[in-house]
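Asks: Letter by letter, the sequence shown follows residues 0 to 166 of numbering that gives the first Met the number 0.
Below is the structure I would like to discuss, written out as structure tokens.
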Amino acid sequence: MPAKVLRTLLSVIAAVAIGVSLSAAVAQAQAPAKRTAQSRTAHAAKVHKVAIQVDENNKATMNLALNNAENVIEYYKSKGEKVLVEIVTYGPGLHMLRADSSPVKDRIAPMALEHSNLIFAACANTRAKMAKAENKEIPLISEAKITPSGVVRLMELQGQGYAYIRP
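Next comes the structure, spelled out in structure tokens:
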């Protein structure tokens with residue numbers, strides 16, 4: 000092979016090698032920025048979820064659960080992040096959502112109107128047992144969503160990645 004052709008060939012190979020090295024260096028330099036942008040996007044898209052259990056007929060506990068819900072909602076709202084909150088009532092805690100005996104029903108209505116990401120779940124098993132024991136239908140507030148079993152609902156929520164809080 001003539002020397003001129005060999006020099007040209009070596010120059011081309013060297014140029015390609017330098018180009019590949021530069022491309023790799025640029026890609027490596029951009030990788031952290033790309034990962035940071037991706038993590039910001041993933042973080043911004045993340046939905047925080049919390050399930051709050053109420054199983055006591057205790058006004059202080061019910062108010063604490065409502066305070067916890069409001070605080071969590073406001074915290075993530077201030078960060079521009081989404082959050083879902085579900086308060087699950089069962090056993091004596093069902094009184095929280097009873098229209099005839101809730102000591103906190105006046106707080107629930109405005110909270111439900113203000114926060115579409117807040118759900119109040121009432122245990123159907125507990126409601127049926129209370130109806131049988133009291134020999135009457137158990138009225139629930141309009142904001143209550145009936146779930147077949149409060150305990151099972153909490154299990155399902157935890158399986159869906161909800162954090163679990165018991166005030």
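Every residue gets a Cβ at the ideal spot worked out from N, C-alpha and C, and that includes glycine.
Here the structure is a predicted model, which is why all the values come from computation and not from measurement.
Within a Cβ cutoff of 6 Å, which residues of the same chain sit near R126, ignoring the five residues on either side of it in sequence?
Replies: Against the sequence shown, residue 126 aligns to sequence position 127. Correct list, in chain order: I137.
Asks: Quick one, which of R97, I118, G149 has its alpha-carbon nearest I72's?
Replies: Working through the sequence shown from its first residue, we reach residue 72 at position 73. Of the candidates R97, I118, G149, the one whose C-alpha sits nearest the C-alpha of I72 is I118.
Asks: Assuming A50 contacts L156 under a Cβ cut-off of 8 Å, what Cβ separation, rounded to an integer in Å, is found between them?
Replies: Numbered from its first residue, the sequence shown carries residue 50 at position 51. Numbered from its first residue, the sequence shown carries residue 156 at position 157. Between L156 and A50 the Cβ distance is about 4 Å, and since that is below 8 Å, they are a contact.
Asks: Straight-line CA distance for L83 to A143?
Replies: Looking up residue 83 in the sequence shown gives position 84. Looking up residue 143 in the sequence shown gives position 144. Their backbone Cα atoms lie some 16 Å apart in a straight line.
Asks: Return the CA-CA distance between Q159 and N62, expressed in angstroms with no decimal places.
Replies: Counting from 1 along the sequence shown, the entry for residue 159 is found at position 160. Counting from 1 along the sequence shown, the entry for residue 62 is found at position 63. Those two C-alpha atoms are separated by around 26 Å.
Asks: Is R97 helix, strand or coil when you go by DSSP?
Replies: Numbered from its first residue, the sequence shown carries residue 97 at position 98. DSSP places R97 in strand when its eight states are reduced to three.
Asks: By the 10 Å Cβ neighbour count, where 16 or more other Cβ atoms means buried, how is L93 classified, buried or exposed?
Replies: Residue numbering aside, residue 93 sits at position 94 when the sequence shown is read from its first letter. Buried, because 16 or more other Cβ atoms sit within 10 Å of the Cβ of L93.
Asks: Taking the straight line between their C-alpha atoms, what separation do you get for K78 and P166?
Replies: Indexing the sequence shown from 1 puts residue 78 at position 79. Indexing the sequence shown from 1 puts residue 166 at position 167. Computed Cα separation, rounded: 24 Å.
Asks: For the alpha helix (DSSP H) holding L117, just list the boundary residues, first then last.
Replies: What you label residue 117 is simply residue 118 of the sequence shown in a count that begins at 1. Counting along the chain, L117 falls outside any alpha helix (DSSP H), though it belongs to the beta strand (DSSP E) covering 117-122.
Asks: Count the other CB atoms, across all protein chains shown, that sit within 10 Å of the CB of M95; report buried if there are 16 or more and exposed otherwise.
Replies: Residue 95 sits at position 96 when you count from the first residue of the sequence shown. Flag for M95 reads buried.
Asks: How would you label E133, buried or exposed, when you count the other beta carbons within 10 angstroms and need 16 or more for buried?
Replies: The residue you call residue 133 lines up with position 134 of the sequence shown. E133 should be labelled exposed.
Asks: What alpha helix (DSSP H) runs, 4 residues minimum, are completely inside the region 47-111?
Replies: Counting whole runs of 4 or more residues, the region 47-111 contains the alpha helix (DSSP H) stretches 58-77.
Asks: Quick check on this structure: which residue in S141, N56, A59, T60 has the alpha carbon closest to the alpha carbon of P109?
Replies: By one-based count along the sequence shown, residue 109 stands at place 110. Closest option to P109, Cα to Cα, is S141.
Asks: So, are the CB atoms of Y163 and C122 less than 8 Å apart?
Replies: For the purposes of this step, residue 163 is taken as residue 164 along the sequence shown, with counting starting at 1. For the purposes of this step, residue 122 is taken as residue 123 along the sequence shown, with counting starting at 1. Cβ atoms of Y163 and C122: not closer than 8 Å.
Asks: Mapping DSSP to helix, strand and coil, what is K144?
Replies: Here the question's residue 144 lines up with position 145 in the sequence shown. Residue state, collapsed to three classes: strand.
Asks: Does the beta-carbon of S115 have 16 or more other beta-carbons within 10 angstroms, so that it is buried, or is it exposed?
Replies: Residue mapping note: residue 115 aligns to position 116 of the sequence shown, counting from 1. S115 is exposed by the Cβ-count criterion.
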